[in-house]
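Have a look at the structure below before the remarks.
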Amino acid sequence: MSFPGGLSYPPTPREDVVELHHGIAVADPYRWLEDLEAPVVKTFVKRQNELTRAELATSRRAEFEARLRVLWNHERYGIPCKAGGRYFYTHNPGLQRQDALFWQPSYSAEPRLLLDPNLSTEEGGQALADYIVSPDGSKVAYALASAGSDWQEWRIREVDTGRDLPDRLRWIKFCKVAWTRDNSGFFYARYAAPDQGLELSSLNQNQRLYFHALGSGQDDDLLVLERPDQPRWGFQPILGDDAHHLFIEVWRGTDPETAYYLLELDEKPWRPRPLIEDFDARYVFVALDRGRAIFHTDLDAPLGRVISLELEAPARTGWREVLPERPEPLLEVTRVADRLVATRSRHAVASVALHRLDGSLVTDLELPATSSVQGFKAHPEDPETFFAHTTFTAPATIWRIDVREPHPRPFRAGRVESSSDRFKVEQVFYESKDKTVVPMFLVSARDRHAGKPGPVYLYGYGGFSVSMSPTFSPAILHWLELGGLFAQPCLRGGGEYGRTWHEAGTKLHKQNVFDDFLAAAEWLIAEGYTTPEQLAIGGASNGGLLIGACMTQRPDLFAACLPAVGVLDMVRFHRFTIGWAWQSDYGNPEDPEEFHALLAYSPYHNVKPGTRYPATLITTGDHDDRVFPAHSFKFAAALQAAQVPGGPPILLRVEQDAGHGAGTAVDKLIATTADRWAFMARHLGLEPQPTPGMPEPLSPQERP
2 MSFPGGLSYP PTPREDVVEL HHGIAVADPY RWLEDLEAPV VKTFVKRQNE
52 LTRAELATSR RAEFEARLRV LWNHERYGIP CKAGGRYFYT HNPGLQRQDA
102 LFWQPSYSAE PRLLLDPNLS TEEGGQALAD YIVSPDGSKV AYALASAGSD
152 WQEWRIREVD TGRDLPDRLR WIKFCKVAWT RDNSGFFYAR YAAPDQGLEL
202 SSLNQNQRLY FHALGSGQDD DLLVLERPDQ PRWGFQPILG DDAHHLFIEV
252 WRGTDPETAY YLLELDEKPW RPRPLIEDFD ARYVFVALDR GRAIFHTDLD
302 APLGRVISLE LEAPARTGWR EVLPERPEPL LEVTRVADRL VATRSRHAVA
352 SVALHRLDGS LVTDLELPAT SSVQGFKAHP EDPETFFAHT TFTAPATIWR
402 IDVREPHPRP FRAGRVESSS DRFKVEQVFY ESKDKTVVPM FLVSARDRHA
452 GKPGPVYLYG YGGFSVSMSP TFSPAILHWL ELGGLFAQPC LRGGGEYGRT
502 WHEAGTKLHK QNVFDDFLAA AEWLIAEGYT TPEQLAIGGA SNGGLLIGAC
552 MTQRPDLFAA CLPAVGVLDM VRFHRFTIGW AWQSDYGNPE DPEEFHALLA
602 YSPYHNVKPG TRYPATLITT GDHDDRVFPA HSFKFAAALQ AAQVPGGPPI
652 LLRVEQDAGH GAGTAVDKLI ATTADRWAFM ARHLGLEPQP TPGMPEPLSP
702 QERP
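For the sequence shown, my numbering gives the first residue as 2, with consecutive numbering after it.
Structure representation (structure tokens):
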């Protein structure tokens, strides 16, 4: 179709597909785009990408890409783990496509390369998705993911020789392995192999728990636990501190409520027995101490607490409280030697305290303001551990700490080619539609002209109890250098204030999340930070849903919208891959009341012909087997058909050999960010400003 003064979009046929849901006729004219392998769908993707490349080529994109390469070119380290006296961690010198795995025989020894996925010859590339070291440090079980897929293949590498054993374990998702104490094998969970051609769309159900003995074939693995009567149950094995008990977490999609089985490893044959059965709260195994299992839970404590129970007599009458609920939400608890490390949050800013196993306080760790932390994993008898500390404006620093003398010392630190002193971070609070007070981080250059509206990038998520804490990104750093302001609100649906805050943004209350985000936009405009002509919004995955819902509800409020890998068809989201698991947050389309709530905000179904929608760049990956790519395809087709003649462009960018985001190669991250920033700069009236030390733009031949 061609619009006077606007883009000429590739022809996208509409089909007369209408279904009756709970008495309502629901049209789905672009359902044919769900057949990803169909030649007509491949042609659709090809033409959309050609249009997007042509449109973005008119901008000064090369300058953005050149600067992004400089900012991304800094060392990045993973949080080390320690086993058998050896240290293991990932590292990327800067522009390497994927992180590599290194090890050190001692703390002061020189690092040695153990595994480099960049050497893979597989088409589309591979990423090191996970690794678990055997207790004696002699072997590493590691997971490779290809072309951005969630599917993982697990292999085993000998540390001393650098050689792989012949073992290959496939069809694994959403599970880590748990080694046995004698290093002879590990427990893991897998799905049945999907039908050929349906790897990216088949439902992920009926996960089973197995034991794999090293040197055996996967078909010979011992089935430990299955529940065919509960196809949506998944299993995560966790080796207890004494190495004689295996705790099996039972999860049901993204539902925070869990249950547990217990396996006595010394008793053969293995027969898991229920330990916590009721799915009445979230339980996270922390430690085993003198026959009592310690759990982090929100049972009768929306902000979190720590309890313990007797393994041999787990009746609730014997449960004890170890750490009581406090005003600050308890985000995570780990055991390091004879200490419990408790990470809490105050308005999405981290704090860390050390407690004895009985819950008594030892000390609080001093952390810089406005930061987040991760880590504190260790062997139960080892007082040494590591954690990563990060802010909005500086890469993560890895710290080493001995919990007996809690004075952290730096282990590794990234250095970016830009001074963090040039930027400022502040936290503000604003009122949502129903007067709920919502916190928001604002990050900008110190010399950004106060009181003069300018370009703002408003980014959000608001779901699945995910806390939007300070996080470093080279992409955001570049946005700040360009003179933009970055705003990140902590919307309901997240985990910033515990279970109550999360539930206030789920199911029938999901509109609260969109109201919070729209209120953030209105506050930024009212306070003089920006104008609707200078405001861009973005989000990924559940955040992509957020952007789709807000731009269809208030298209007048934004100049540019960037929904990435979004959940955009709320009538059929549960019919693909792991989509059924999200009903804990979104609700069930088969339930009449929840269906009406879903349909009311479903972005795809609320696109209205003849509306002037903001300039929109929709992004996804052709191998996204978490959020089915057809969500983005159908939303793009609907928006292009509905846009007013001569209206701002609606573009779809489909990354080849890429998935939901995890494991995306660095060159692809840079290219995608350059496209986004170029798109926003054009539609917000922001021209790239010279930056001291900026190299000459790369020629087309030099671009990744």
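We put the CB at the ideal spot given by N, CA and C, even for glycine.
**Message:** What would DSSP say about N50, mapped onto helix, strand or coil?
**Reply:** In this structure, DSSP gives N50 a helical state, which the three-state scheme calls helix.
**Asked** Just the Cα atoms here: how many angstroms apart are G163 and L116?
**Response** G163 and L116 have their C-alpha atoms roughly 8 Å apart.
**Asked** Along the chain, where does the alpha helix (DSSP H) that runs through K669 open and close?
**Response** 667-685 is the span of the alpha helix (DSSP H), which, as asked, contains K669.
**Nearest to V141 (by Cα), restricted to the options A550, S147, W155, G149** = Ranked by Cα distance from V141, the options A550, S147, W155, G149 are led by W155.
**Asked** Mind checking whether G622 and G660 have CB atoms under 8 Å apart?
**Response** G622 places its beta carbon less than 8 Å from that of G660.
**Request:** Would you mind working out which of E66, R416, L366, Q153 sits nearest A354, comparing C-alpha positions?
**Result:** A check of alpha carbon separations from A354 across E66, R416, L366, Q153 identifies L366 as the nearest.
**Prompt:** Between the beta-carbon of Q223 and the beta-carbon of F212, is there less than 8 Å?
**Reply:** The amino acid at residue 223 is misidentified as Gln; the sequence shows Leu. Note that the C-beta distance between L223 and F212 is below 8 Å.
**Prompt:** Taking three-plus beta-carbon pairs below 8 Å as touching, is the region 30-37 in contact with the region 630-638?
**Reply:** With a cut-off of 8 Å, the region 630-638 and the region 30-37 count as touching, because enough Cβ pairs lie within range.
**Prompt:** Name the DSSP bridge partner or partners of N93?
**Reply:** Its beta-bridge partners are R77.
**Beta-bridge partners of Y189, as assigned by DSSP** = Its beta-bridge partners are Y211.
**Request:** Taking 8 Å as the cut-off, decide whether the C-beta atoms of T255 and A582 are in contact.
**Result:** Cβ distance < 8 Å, so T255 and A582 count as in contact.
**Message:** List, from N- to C-terminal side, the beta strand (DSSP E) runs of 3 residues or more that fit wholly inside the region 476-564.
**Reply:** The qualifying runs are 486-490, 536-541.
**Request:** Alpha carbon to alpha carbon, how far is V27 from F473? Give it in angstroms, no decimals.
**Result:** Rounded to whole angstroms, the gap between the alpha carbons of F473 and V27 is 42 Å.
**Cut-off 8 Å between Cβ atoms - residues of its own chain near L21, not counting five sequence neighbours on either side** = Excluding residues up to 5 positions away in sequence, V27 lie with their Cβ nearer than 8 Å to the Cβ of L21 in the same chain.
**Asked** Taking one C-beta from the region 504-517 and one from the region 473-487 each time, how about it: are there three or more such pairs within less than 8 Å?
**Response** Contact annotation: the region 504-517 does not touch the region 473-487, with fewer than three C-beta pairs closer than 8 Å.
**Request:** Look at G463 and F518 and say whether their C-beta atoms are less than 8 Å apart.
**Result:** A contact, by the Cβ cut-off of 8 Å.
**Message:** I need the DSSP call for P411, collapsed to helix, strand or coil.
**Reply:** Correct three-state label for P411: strand.
**Message:** Using only the alpha-carbon positions, how far apart do P12 and Q99 sit?
**Reply:** Answer to the nearest angstrom: the Cα atoms are 37 Å apart.
**Asked** Can F65 and A679 be called in contact, C-beta distance under 8 Å?
**Response** A contact, by the Cβ cut-off of 8 Å.
**Message:** Can you give me the C-alpha to C-alpha distance between T692 and V444, rounded to a whole angstrom?
**Reply:** Here T692 scores only 42 on pLDDT, less than 50, and its place in the model should not be relied on; the value that follows carries that caveat. Distance between the alpha carbons of T692 and V444 is about 18 Å.
**Message:** Give me the residue from H606, V572, P456 with the minimum Cα distance to I538.
**Reply:** Selected option, being the one with the closest Cα: P456.
**Request:** Would you list the residues sitting across from H246 in a DSSP beta bridge?
**Result:** Looking at the DSSP assignment, H246 forms a beta bridge with E265.
**Asked** Quick one, are the C-beta atoms of Q105 and R77 less than 8 Å apart?
**Response** The Cβ atoms of Q105 and R77 lie no closer than 8 Å to each other.
**Message:** Alpha carbons only, please: which of E523, P649, E382 is nearest the one belonging to D403?
**Reply:** Relative to the Cα of D403, the nearest Cα in the group E523, P649, E382 belongs to E382.
**Item:** For F465 and D586, the rounded distance between their alpha carbons
**Value:** Near 6 Å, if we compare the C-alpha coordinates of F465 and D586.
**Request:** Decide if the region 120-135 is in contact with the region 168-181; the criterion is three or more beta carbon pairs, one per stretch, under 8 Å apart.
**Result:** The region 120-135, when compared against the region 168-181, does touch it at the 8 Å Cβ threshold.
**Request:** Compute the beta-carbon to beta-carbon distance between A1 and V439, rounded to the nearest angstrom, for a pair I have assumed lies under 8 Å.
**Result:** Nothing about residue 1 can be read from this structure; the chain reaches only from 2 to 705.
**Message:** For V429 and M441, which I take to be in contact (beta-carbon distance under 8 Å), what is that distance rounded to the nearest angstrom?
**Reply:** The Cβ separation is near 5 Å, so the contact holds.
**Message:** Checking 8 Å against the spacing of the C-beta atoms, do V706 and G138 come in under that value?
**Reply:** The structure shown does not extend to residue 706, since the chain is modelled only from 2 through 705, so no value can be given for it.
**Prompt:** The alpha helix (DSSP H) spanning D586 covers which residue range?
**Reply:** First-last of the alpha helix (DSSP H) with D586: 584-587.
**Message:** Let's test the definition: count the other Cβ atoms within 10 Å of the Cβ of K174 and tell me whether it reaches 16, buried, or not, exposed.
**Reply:** With 16 or more other CB atoms across the displayed protein chains lying within 10 angstroms of its CB, K174 is buried.
**Burial state of V19 (16 or more Cβ within 10 Å)** = Result: exposed.
**Message:** By the DSSP assignment, the beta strand (DSSP E) with P440 in it spans what residues?
**Reply:** It spans 438-446 - the beta strand (DSSP E) in which P440 sits, taken as one unbroken run.
**Message:** Here's the rule I'm using: 16 or more other beta-carbon atoms within 10 Å means buried, otherwise exposed. How should P14 be labelled?
**Reply:** Classification of P14: exposed, given that the 10 Å Cβ count is below 16.
**Asked** For P5, does the count of other Cβ atoms within 10 angstroms reach 16, so buried, or fall short, so exposed?
**Response** Here P5 scores only 38 on pLDDT, less than 50, and its place in the model is too uncertain to base an answer on.
**Message:** Here's the rule I'm using: 16 or more other beta-carbon atoms within 10 Å means buried, otherwise exposed. How should V645 be labelled?
**Reply:** By the neighbour-count rule (16 or more Cβ atoms within 10 Å), V645 is not buried but exposed.
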